[in-house]
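Asker: Let me begin by handing over the structure; questions about it come next.
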């Protein structure tokens, strides 16, 4: 039976000590006996009757088993090689909850098998995927996937969820983010290629006992109401969540002990004694869906300062005290083709408050600002957008009525600005102008924030940031506040693809 095979694509054997492993080349059979050091050619003499009967029975069983239609293998139409590869990769992605699936093109063989018609059988799958392999998974940065997609070797692979066109790389229809992590599923063969695969330095976790072929067979064995092949969920049509937590901290402390300033008049000893501590915590949770975006941010700013001048100790007093939260939901009306000038209708809620009222008594009520607005957003790039909105504003604990408000905002979401060597310089920017009560007494309010971060090690970065608030009420002079912060940032990012 083995001698009649047209090409060496099959090996037969068991773990029994008495069994032979039979391999074939065209017209030739080689036999390896367990424990032997070499391979010998099989004899040409006719096989014993018992062997012929066994082979005949085995052949009938193989035909009955492998030509049996799969329960969920009914094809709606013809399935070409590309459609088969798409189904295989989608099954692998859904089974492992991966965003990207990659196999080498040569993993799918026998081009004469395609297109498949009618009902798929086990033989169809075995013939298309003759090589036994294991699954391999990894979680790698978008920068690695981008380099892979733009490399010449990318054409040697079948990829699902990862596309490159005119230098633009997308993952499930969304521009790849270089500093984000993505889940990838592939085969043990691709994982072993290292630099010729996804790239050097990518660590894979192999899953023994799970092969692409077995997973596809199990998928096609699932009975469906229509009997047709069940289509796996496409992550491109589902939401991708991004979670981010960052904590900025700065600390300064100057202690002076000078018993005789007239004698010890050195610059180091004639300073004011001061201590300052500042914390800035940011929390972000956002969902990116083909039909909408949902963004939520929470920022907590708090600082304490203490000075000692001429023996008078101020004690620790608040230098920063602000809590702000923002939630926005935008609908994507133009889903087939996105352009920067396509308006995205949105609704947003903004809240601003504090832990404690001012200690100097300039305000008798606790600050709690509520501002719901309706508007439109324009996504200039994947991270930069404009927003215009109108709505209402209320200082909840003040004796002021509801006020109308119009606002304009430009915002750059956190991400990579540029690369210096092997370091990605990250940054964010926010500028919002609010026109409060414009029909009676215009109250102009400007909020702005900018921050640049230089990574040091994994979750730790050096940061430089500036926040400002400007206000002009009616014809009064402009009031402003500015906070410059230099410090260290601890940040954790995590993305979750829905399935």
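Numbering (our numbering), first residue to last: 99 to 597. By construction, the Cβ of each residue, glycine as well, lies at the ideal position given by its N, Cα and C atoms. Nothing here was measured: the structure is a model prediction, and the numbers come from that model.
Going along the chain, which residues of its own chain have a beta-carbon closer than 6 Å to the beta-carbon of residue 504, five neighbours each way excluded?
Answerer: Excluding positions up to five away in sequence, the list reads 488, 533.
Asker: Following the continuous beta strand (DSSP E) through residue 320, name the residue where it begins and the one where it ends.
Answerer: Careful: residue 320 lies outside any beta strand (DSSP E) and carries neither H nor E.
Asker: Going residue by residue through the segment 281 to 305, where are the continuous beta strand (DSSP E) segments of at least 3 residues, counting only ones entirely within it?
Answerer: Complete beta strand (DSSP E) runs here, min 3: 303 to 305.
Asker: Roughly how many whole angstroms lie between the Cα atoms of residue 330 and residue 188?
Answerer: Answer to the nearest angstrom: the Cα atoms are 6 Å apart.
Asker: Quick one: give me the first and last residue of the beta strand (DSSP E) that residue 431 is part of.
Answerer: Per DSSP, residue 431 belongs to no beta strand (DSSP E) and is neither H nor E.
Asker: Excluding sequence positions up to five away, which residues of its chain have a Cβ less than 8 Å from the Cβ of residue 210?
Answerer: Cβ neighbours of residue 210 beyond the five flanking positions: none.
Asker: So, with DSSP's three-state summary, where would you put residue 189?
Answerer: If DSSP states are grouped into helix, strand and coil, residue 189 belongs with the helices.
Asker: Determine the closest residue to residue 236 out of 530, 303, 589, with distance taken between C-alpha atoms.
Answerer: The candidate whose alpha carbon is nearest that of residue 236 is 303.
Asker: Among residues of its own chain, excluding the 5 on either side of residue 313, which ones have a beta-carbon nearer than 7 Å to its beta-carbon?
Answerer: Closer than 7 Å at the Cβ level, and outside the excluded window around residue 313, lie 189, 190, 193.
Asker: If you reduce the DSSP assignment to three classes, tell me which class residue 313 lands in.
Answerer: If DSSP states are grouped into helix, strand and coil, residue 313 belongs with the helices.
Asker: Within its chain, find whatever has a CB closer than 8 Å to the CB of residue 230; leave out the 5 residues flanking it on each side and keep chain order.
Answerer: Here the set comprises 309, 311.
Asker: Use the C-beta contact count for residue 201: other C-beta atoms within 10 angstroms, 16 or more gives buried, fewer gives exposed.
Answerer: It is buried - the Cβ of residue 201 has at least 16 other Cβ atoms within 10 Å.
Asker: Return the CA-CA distance between residue 555 and residue 469, expressed in angstroms with no decimal places.
Answerer: Cα to Cα, the separation comes out at about 39 Å.
Asker: I need the boundaries of the beta strand (DSSP E) containing residue 477, first residue and last residue.
Answerer: Segment 466 to 477, the beta strand (DSSP E) holding residue 477.
Asker: Who does residue 574 pair with in a DSSP beta bridge?
Answerer: According to DSSP, which records beta bridges pairwise, residue 574 is partnered with nothing at all.
Asker: In chain order, what residues of the same chain lie with their CB nearer than 6 Å to the CB of residue 336, ignoring the 5 residues before and after it?
Answerer: So the list reads 596, once near-sequence residues are dropped.
Asker: Closest to residue 253 by CA distance: which of 203, 227, 320 is it?
Answerer: Looking at the Cα atoms, 203 is the closest of the given residues.
Asker: Secondary structure at residue 596, three-state DSSP: helix, strand or coil?
Answerer: If DSSP states are grouped into helix, strand and coil, residue 596 belongs with coil.
Asker: In whole angstroms, what separates the C-alpha of residue 369 from that of residue 593?
Answerer: So the alpha carbons of these two residues sit roughly 48 Å apart.
Asker: Between which two residues does the alpha helix (DSSP H) harbouring residue 492 extend?
Answerer: That residue, residue 492, is in no alpha helix (DSSP H); its beta strand (DSSP E) goes 482 to 493.
Asker: For residue 182, count neighbouring C-beta atoms within 10 Å of its own C-beta (all shown protein chains included) and say buried if the count is 16 or more, exposed if not.
Answerer: Buried, by the Cβ-count rule.
Asker: Does at least one heavy atom of the ligand NAP sit under 7 Å from the Cβ of residue 558?
Answerer: This structure does not include the ligand NAP; it has no bound ligands of any sort.
Asker: According to DSSP, residue 255 sits in a beta bridge with which residue or residues?
Answerer: Its beta-bridge partners are 202.
Asker: Would you call the segment 236 to 252 in contact with the segment 483 to 501, where contact means no fewer than 3 C-beta pairs closer than 8 Å?
Answerer: No, the segment 236 to 252 does not touch the segment 483 to 501.
Asker: Hey, residue 510 and residue 481: beta-carbon distance below 8 Å or not?
Answerer: Against a cut-off of 8 Å, the Cβ pair of residue 481 and residue 510 comes out as a contact.
Asker: As a quick exercise: from 584, 438, 409, pick the residue whose alpha carbon is nearest that of residue 549.
Answerer: Among 584, 438, 409, the Cα nearest to that of residue 549 belongs to 584.
Asker: Is there contact between the segment 340 to 354 and the segment 371 to 386, where contact requires at least three CB pairs shorter than 8 Å?
Answerer: Yes, the segment 340 to 354 is in contact with the segment 371 to 386.
Asker: Would you list the one or two residues that DSSP bridges to residue 567?
Answerer: Answer by DSSP bridge pairing, in chain order: 545, 579.
Asker: Between the Cα of residue 473 and those of 454, 458, 426, 521, spot the shortest distance and give me the residue it belongs to.
Answerer: Per the Cα distances, 426.
Asker: Under three-state DSSP, which class holds residue 412?
Answerer: It is coil, neither helix nor strand.
Asker: For residue 255, does the count of other Cβ atoms within 10 angstroms reach 16, so buried, or fall short, so exposed?
Answerer: Flag for residue 255 reads buried.
Asker: Do you know how far the Cα of residue 521 is from the Cα of residue 124?
Answerer: Low per-residue confidence applies at residue 124: pLDDT is 49, beneath 50, and the placement is therefore not dependable, though the value from the model is reported in the following sentence. Each residue's Cα considered, the two are about 55 Å apart.
Asker: Would you identify the three-state DSSP class for residue 104, choosing helix, strand or coil?
Answerer: Its pLDDT being 47, under 50, residue 104 is placed unreliably in this model, and the value from its coordinates should be taken loosely. Looking at residue 104 - three-state DSSP - the assignment turns out to be coil, as it is neither helix nor strand.
Asker: So for residue 423, helix, strand or coil by DSSP?
Answerer: If DSSP states are grouped into helix, strand and coil, residue 423 belongs with the strands.
Asker: Following the continuous alpha helix (DSSP H) through residue 241, name the residue where it begins and the one where it ends.
Answerer: Unbroken alpha helix (DSSP H) run through residue 241: 240 to 248.
Asker: By how many angstroms is the C-alpha of residue 169 removed from the C-alpha of residue 322?
Answerer: In a straight line, the C-alpha of residue 322 is about 8 Å away from that of residue 169.
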